[in-house]
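To start, the structure itself, in structure tokens.
There are 2 protein chains.
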Amino acid sequence: MTMNEQPTLNATVFNLLRQDILTGRLLPGERLRAETLRQRYDVGGSPVREALMRLEAEDFVVLEQNKGFRVAGVSAAHLQDLSRTRVEIEAIALRWSIARGGVDWESAIIASMHRLASVPKRLDAEGLERNVDWLRYHREFHAALVAACDSPVLVGMRNHLFDQAERYVALSISVSGELRDDVSEHQGIMDAALARDIDLTLALNRRHIERTTKKLLTAIEHYESAA
Amino acid sequence: MTMNEQPTLNATVFNLLRQDILTGRLLPGERLRAETLRQRYDVGGSPVREALMRLEAEDFVVLEQNKGFRVAGVSAAHLQDLSRTRVEIEAIALRWSIARGGVDWESAIIASMHRLASVPKRLDAEGLERNVDWLRYHREFHAALVAACDSPVLVGMRNHLFDQAERYVALSISVSGELRDDVSEHQGIMDAALARDIDLTLALNRRHIERTTKKLLTAIEHYESAA
DNA sequence: CGTCAAGCGATTTTCGAAAATATATATCTA
DNA sequence: TAGATATATATTTTCGAAAATCGCTTGACG
């Protein structure tokens with residue numbers, strides 16, 4: 001009789017919750033009461049619960065038996081663990097991608113870079129809007145770099161790490177305002193990758209991650225709610 | 228009034244289902260109807276659904292919107308992807324572990340090796356029992372090797388890959404009977420790791436994985452139900 | 001006083017049935 | 001008869017309420 005919605009409710013709630021956590025609208029350690037979420041997303045208990053279960057498996061929320069769900073906590077240790085693991089995983093993905101990448105791979109990277117560079121750096125009236133754009137393009141650029149590695153398993157792991165790290169970025173932004181690394185860093189990585197210079201690409205990528213991590217570490221102390 | 232069960236029903240069902248899939252009691256691609264599972268585990272719909280949602284996030288089952296769950300399929304391509312990724316991930320984990328591991332790390336490895344070697348190789352009346360033992364000790368041995376790497380994130384990923392691969396082992400066993408690699412291979416890896424010879428450890432570990440994969444590939448064609 | 005048990009409100013967890021969606025079967029039209 | 005359309009059946013998805021559990025307060029008792 002209703003005929004609406006392609007995606008099921010649990011899938012919708014999953015995406016909304018995930019986004020709310022990823023962007024910091026729901027804070028680390030925050031309690032996620034069933035009733036609260038039902039109102040927030042205007043659905044019954046089952047879809048909420050199912051969404052939370054999936055989010056738990058992806059380390060975005062934590063479940064304590066019979067005590068309910070919480071947004072996963074953050075900590076310096078966790079961010080550092082995330083970052084050094086990411087350096088290694090992306091190193092492998094970049095290796096494979098550079099080895100196998102064809103013209104379409106190159107094109108996609110160049111296109112992503114162009115979009116990324118098109119977002120103005122300074123903040124104006126539409127600052128927040130543009131920031132969202134920038135985050136999306138940034139994500140797409142890094143994804144494009146490893147897109148040719150032809151390993152769903154490895155890419156899946158890289159994406160997971162990237163998402164986890166991006167939460168720290170979002171949290172950092174909401175305390176210390178704008179945080180946006182230089183476009184030149186990305187330009188460098190792109191050039192090295194397109195030149196098929198593996199060692200340089202990996203070195204620059206490592207620097208990129210480590211720099212960002214360092215910036216995030218200072219900004220994140222505010223939250224520090226254990227892993 | 229009931230006072231039983233520490234773990235919740237959904238957690239119990241999760242473990243049972245996971246085990247049933249991991250050991251091949253539920254076959255790749257097999258349909259998982261709600262009613263069937265409710266009877267099988269004697270619970271209501273909610274715990275089953277929640278368990279399935281978590282298993283989906285861990286790639287053990289697949290959900291098609293409004294069409295229900297299936298056991299995740301298997302394929303040669305998937306196994307190969309899994310294996311080559313595992314080689315690289317474990318390489319990193321082993322590196323870090325060898326670098327940081329202390330005496331307790333060494334002891335744990337030696338202890339695991341001892342247990343592993345204690346399981347008799349030939350099959351007798353208790354063949355199946357012993358096989359289960361062997362699988363557990365095998366798992367524990369490999370876990371012990373990377374236990375000192377002090378990176379929950381990396382270890383989590385390694386475990387996930389290991390579990391996925393172990394499903395192929397279980398499936399292979401149930402078609403072509405016993406499949407158990409030589410203890411000497413493990414002995415070699417252990418010796419190299421304890422001698423802190425990184426290159427040798429990685430080389431032997433790679434060989435170990437690649438050999439097993441090759442054996443599995445032939446046995447797995449029976450199932451081949453797409454990834 | 002201190003501590004332990006019983007009771008109470010808040011919350012999570014689970015069930016059973018209703019609603020929505022997919023799948024199979026039958027019916028009608030060209 | 002083929003192809004589409006309607007009807008019936010099976011299955012998934014969602015809701016609302018019952019059951020179980022937690023955390024806390026209250027009061028009894030040593």
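These protein sequence lines are chains F and S, in that order. Residues 1 to 227 in this note's numbering are what the first sequence lists, from first letter to last. Residues 228 to 454 in this note's numbering are what the second sequence lists, from first letter to last. Glycine is no exception: its CB is placed at the ideal position from the N, C-alpha and C atoms.
Using the beta-carbon count (16 or more within 10 Å), is residue i buried or exposed?
| i | result |
| --- | --- |
| residue 234 of chain S | exposed |
| residue 447 of chain S | buried |
| residue 363 of chain S | exposed |
| residue 114 of chain F | exposed |
| residue 312 of chain S | buried |
| residue 205 of chain F | buried |
| residue 28 of chain F | buried |
| residue 428 of chain S | buried |
| residue 337 of chain S | exposed |
| residue 288 of chain S | buried |
| residue 146 of chain F | buried |
| residue 54 of chain F | buried |
| residue 308 of chain S | buried |
| residue 345 of chain S | exposed |
| residue 391 of chain S | buried |
| residue 142 of chain F | buried |
| residue 423 of chain S | exposed |
| residue 347 of chain S | exposed |
| residue 138 of chain F | buried |
| residue 148 of chain F | buried |
| residue 263 of chain S | exposed |
| residue 158 of chain F | buried |
| residue 299 of chain S | buried |
| residue 87 of chain F | buried |
| residue 101 of chain F | buried |
| residue 277 of chain S | buried |
| residue 213 of chain F | buried |
| residue 44 of chain F | exposed |
| residue 394 of chain S | buried |
| residue 516 of chain S | In this structure chain S extends from 228 to 454, so residue 516 of chain S is not present and cannot be described. |
| residue 240 of chain F | A query on residue 240 of chain F cannot be resolved here, the shown segment of chain F reaching from 1 to 227 and no further. |
| residue 251 of chain S | buried |
| residue 435 of chain S | buried |
| residue 326 of chain S | exposed |
| residue 132 of chain F | exposed |
Strictly below 8 angstroms CB to CB, what residues from chain S border residue i?
| i | result |
| --- | --- |
| residue 8 of chain F | 292, 293 |
| residue 46 of chain F | 273, 276 |
Using DSSP bridges, identify the partner residues of residue i.
| i | result |
| --- | --- |
| residue 63 of chain F | F/69 |
| residue 32 of chain F | F/69 |
What in chain S is Cβ-close to residue i, meaning under 7 angstroms?
| i | result |
| --- | --- |
| residue 153 of chain F | 308, 309, 312 |
| residue 53 of chain F | 277, 280, 281 |
| residue 157 of chain F | 384 |
Below 7 angstroms on C-beta distance, what does residue i contact in chain F?
| i | result |
| --- | --- |
| residue 319 of chain S | 88 |
Pop quiz: residue i and residue j are said to be a contact at Cβ under 8 angstroms. What is the actual Cβ separation, rounded to whole angstroms?
| i | j | result |
| --- | --- | --- |
| residue 335 of chain S | residue 303 of chain S | So it is not a contact: roughly 35 angstroms between Cβ atoms. |
| residue 279 of chain S | residue 259 of chain S | 7 angstroms |
| residue 321 of chain S | residue 410 of chain S | Their Cβ separation, rounded to whole angstroms, is 19 angstroms, which puts residue 321 of chain S and residue 410 of chain S out of contact at 8 angstroms. |
| residue 222 of chain F | residue 175 of chain F | 5 angstroms |
| residue 316 of chain S | residue 388 of chain S | 6 angstroms |
| residue 48 of chain F | residue 57 of chain F | Contact flag wrong, Cβ pair sits at about 15 angstroms. |
| residue 181 of chain F | residue 211 of chain F | 7 angstroms |
| residue 301 of chain S | residue 398 of chain S | 7 angstroms |
| residue 367 of chain S | residue 339 of chain S | 5 angstroms |
| residue 306 of chain S | residue 444 of chain S | 7 angstroms |
Starting from the beta carbon of residue i, find every residue of chain F whose beta carbon is closer than 8 angstroms, and list them in chain order.
| i | result |
| --- | --- |
| residue 285 of chain S | 57 |
message: To test your reading of the DSSP string, which unbroken beta strand (DSSP E) runs of 3 or more residues are found completely within the segment 268-344 of chain S?
response: For the segment 268-344 of chain S, whole beta strand (DSSP E) runs of length 3 or above, ordered along the chain, are 288-291, 295-298.
task: Pick out the complete alpha helix (DSSP H) segments inside the segment 153-214 of chain F, 4 residues or longer, and give them in chain order.
output: Whole alpha helix (DSSP H) segments, 4+ residues: 183-194.
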